[in-house]
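J.:
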Amino acid sequence: MVKVWIKDNQHVQRGQLLAYLESTASHREVLTLEKQLETLAQWVQAQRFEALASFHPGDFRQLGELQADYQTFMQQFSETATLFANGYLLQKTNFLHAELTDLQQNRAQLTEQLDIQKKELALAEKEFEMHRTLFAGKVIAPVEYNREERNYLAKQLPLKQLEMSLTGNRTAQTQKQKELAELSKQANDQKAQFTQAISTFRSAIGAWKARFLLTAPKDGRVTFAALWQEDQTVKNDEILFHIGASQKNYFGEAHIPQTNTGKVKPGQRVLVKFQSYPYEQFGIVEGKVQHIASIPSSDSTFRAIISLPKGLQTSSHKTLPFKNGLNASAEIVTEDLRVAERMFYEVKRLINRP
1 MVKVWIKDNQ
11 HVQRGQLLAY
21 LESTASHREV
31 LTLEKQLETL
41 AQWVQAQRFE
51 ALASFHPGDF
61 RQLGELQADY
71 QTFMQQFSET
81 ATLFANGYLL
91 QKTNFLHAEL
101 TDLQQNRAQL
111 TEQLDIQKKE
121 LALAEKEFEM
131 HRTLFAGKVI
141 APVEYNREER
151 NYLAKQLPLK
161 QLEMSLTGNR
171 TAQTQKQKEL
181 AELSKQANDQ
191 KAQFTQAIST
201 FRSAIGAWKA
211 RFLLTAPKDG
221 RVTFAALWQE
231 DQTVKNDEIL
241 FHIGASQKNY
251 FGEAHIPQTN
261 TGKVKPGQRV
271 LVKFQSYPYE
281 QFGIVEGKVQ
291 HIASIPSSDS
301 TFRAIISLPK
311 GLQTSSHKTL
321 PFKNGLNASA
331 EIVTEDLRVA
341 ERMFYEVKRL
351 INRP
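The following block contains the structure:
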């Protein structure tokens, strides 16, 4: 435990930072990065991807376990910022729309010209048919007939050219529409990938925080389970702090030898006798086994949490004054009724709890 942020018996709020556990990452850098990700997530939710141009991520070099996740995220960030920053996407989209509009206007002009050419060709065809009739009746000379035929054929050429131009225009419009569709798809794909990248990276940071940060699960008053100091080694499954809303409910911690662990179960009655308050004079406090650790402590015993549903009220109807760290003996009543076996264990300390 490299940093403790609270003091014993201090009031804390839900989510408040209690302590740092050792990590290869800088806790400060990770938390700073998390705040930046929150800003990015808000922009993404509001579809403000163009705002990425104004975002300048810090120089994070001590992210430890999160360094690889950070590099993956920054790759997506760079690609997304390049696409949307400085109005690049909007400019390219506007250019394509402008080109498409020009093509549409050009097509309208070509269509008008085609209509005119068709009318001119129809007139030329009538004139040519008339000259053909005259030529058949030997009214005009072959030379004049050939000249009129060339004129008629020449009238067909602009029509063919216009039809080819319209075909090319239609192809060009289709290409521009395709480019617009591809650009839109590229933008949507990049948005989706970046949104997923933010979600994935925030999840990685959340997992890191769950592993290396201790935060208050609720409002209440925090009590140290031991005299903790910074840079002190802690063990897996070791209770570090307790948070209680008041001092009306309490619990104790007992250590069960491995030889008797199988006989102890959650829910069993416990008779607690405090050393500072002799039971002959003050009576016994009744408790209940609430939890048994799944792995042994350093002394090879299994830690059990003893809750005191009636608080510190004794069998003699007296209420004992509360003090953190009270030592007591605990008599756990097992289910072995044949021999009415009762086991006695030392309660290491008494601590307040909601």
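The opening position of the sequence shown corresponds to residue 1 in the UniProt record's numbering, with each subsequent residue numbered one higher. For glycine and all other residues, C-beta sits at the position ideal for the given N, C-alpha and C. Please read these numbers as outputs of a predicted model, since none were measured by experiment.
(1) Nearest to L159 by alpha carbon, out of L110, T314, L18, V12?
(2) Within 10 angstroms of its Cβ, does Q42 collect 16 or more other Cβ (buried), or is it exposed?
(3) Assuming contact is defined by CB atoms lying nearer than 9 Å, are A25 and L63 in contact in what I supplied?
(4) Using alpha carbons as the reference points, say which of L33, D69, V44 lies closest to F60.
(5) CA-CA distance, L17 and L100?
(6) Closest to L213 by CA distance: which of Q173, L320, I205 is it?
(7) Within a Cβ cutoff of 8 Å, which residues of the same chain sit near V333, ignoring the five residues on either side of it in sequence?
(8) Quick one: residues in its chain with C-beta nearer than 8 Å to the C-beta of G283, no 5 flanking neighbours on either side, listed in chain order?
(9) Whole angstroms are fine: how far does the CA of F241 sit from the CA of Q10?
(10) Just the C-alpha distance for V44 and Q177, rounded to the nearest angstrom, thanks.
(11) Less than 8 Å between the CB atoms is what I'm expecting for E149 and F128, so what's the real figure, rounded?
(12) With I305 and E253 assumed to form a contact (beta carbons below 8 Å), what rounded beta-carbon distance in angstroms separates them?
(13) What's the C-alpha gap between P266 and H291?
(14) Under 6 Å Cβ to Cβ from E22, same chain only, skipping five residues before and after it: list those, please.
(15) Would the stretch 181-189 and the stretch 85-99 be scored as touching if the rule is three or more Cβ pairs under 8 Å?
(16) Excluding the five sequence neighbours on either side, which residues of its own chain have a C-beta within less than 7 Å of the C-beta of E29, listed in chain order?
(17) Given a cut-off of 9 Å on the beta-carbon distance, is the pair D69 and V222 in contact?
(18) Skipping 5 residues on each side, what residues in its chain have a beta carbon closer than 6 Å to that of Q190?
(19) Say yes only if the C-beta of L89 is nearer than 8 Å to one or more non-hydrogen atoms of the ligand ZN, and no if none qualify.
(20) Can you give me the Cβ contacts of E346 inside the same chain, cut-off strictly under 8 Å, excluding the 5 residues immediately before and after it?
(21) In terms of residues, what are the limits of the beta strand (DSSP E) holding S329?
(22) Leaving aside the five residues before and after G15 along the sequence, list all residues of the same chain whose C-beta is less than 6 Å from its C-beta, in chain order.
(23) State the Cα-Cα distance for the pair V4 and L90, rounded to the nearest angstrom.
(24) Specify the secondary structure class of H27 as computed by DSSP and reduced to three states.
(25) Mind checking F55: buried by the 16 CB within 10 Å criterion, or exposed?
(26) Would you kindly work out how many angstroms separate the C-alpha atoms of A207 and D219, rounded to a whole number?
(27) With a threshold of 6 Å on Cβ separation, who are the neighbours of Y20 within its own chain once the five nearest residues in sequence on each side are excluded?
(28) Under a three-way DSSP split, which group does F344 fall into?
(29) Under 8 Å Cβ to Cβ from E286, same chain only, skipping five residues before and after it: list those, please.
(30) What would DSSP say about H56, mapped onto helix, strand or coil?
(31) With 16 other CB atoms within 10 Å as the buried threshold, where does F77 fall?
T.: The answer reads as follows:
(1) L110
(2) exposed
(3) yes
(4) L33
(5) 58 Å
(6) I205
(7) Q268, R269, V270, L271, R342
(8) T314, S315, S316, H317, K318
(9) 11 Å
(10) 27 Å
(11) 7 Å
(12) 6 Å
(13) 6 Å
(14) V2
(15) yes
(16) F60, Q62, L63
(17) no
(18) T80, L83
(19) Questions concerning the ligand ZN fall outside what the structure shown contains, since it holds no ligand whatsoever.
(20) Per-residue confidence for E346 stands at a pLDDT of 44, beneath the threshold of 50, marking its modelled position as unreliable; no derived number is given.
(21) 328-333
(22) T215
(23) 50 Å
(24) helix
(25) exposed
(26) 22 Å
(27) V2, K3, H27
(28) Its pLDDT being 43, under 50, F344 is placed unreliably by the model, and nothing is read from it.
(29) R269, V270, L271, V272, L308, P309, K310, S315
(30) coil
(31) buried
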